[in-house]
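Colleague: Read in order, the letters of the sequence shown are residues 0 to 65 in numbering that gives the first Met the number 0. Every residue gets a Cβ at the ideal spot worked out from N, C-alpha and C, and that includes glycine. Would you mind keeping the following structure in view while I ask a few things?
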Amino acid sequence: MTLNEKTLNKWEKSSFTPLNAVQRQAILERFATEPEPYEWTEQDIWVQIRNYLACGDFVKNTQDNI
Numbered sequence: 000m001t002l003n004e005k006t007l008n009k010w011e012k013s014s015f016t017p018l019n020a021v022q023r024q025a026i027l028e029r030f031a032t033e034p035e036p037y038e039w040t041e042q043d044i045w046v047q048i049r050n051y052l053a054c055g056d057f058v059k060n061t062q063d064n065i
């Protein structure tokens with residue numbers, strides 16, 4: 000699964016979580032493509048977005064957490 004502007008807008012509205020331009024850009028850059036040879040799941044994306052908003056960083060890419 001990848002994330003696009005439309006999906007991010009829907010999530011932002013449904014979660015009542017306003018994003019600023021910097022956050023939107025970082026999130027879209029991170030999830031616009033799949034991390035070959037792996038694939039993002041919906042849960043991966045939403046958990047990492049919550050982590051990013053809480054602490055300012057995504058979970059680091061390692062073999063164990065992709």
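Look up W45 in the DSSP assignment and say whether it is helix, strand or coil.
Modeller: Helix, per DSSP.
Colleague: Check each candidate in Y37, F57, C54, V46 and name the one with the smallest Cα separation from W10.
Modeller: Cα-wise, what sits closest to W10 is V46.
Colleague: Any idea what DSSP makes of L52, helix, strand or coil?
Modeller: Helix at L52.
Colleague: Put F30 into one of helix, strand or coil per three-state DSSP.
Modeller: F30: helix per DSSP, three-state reduction.
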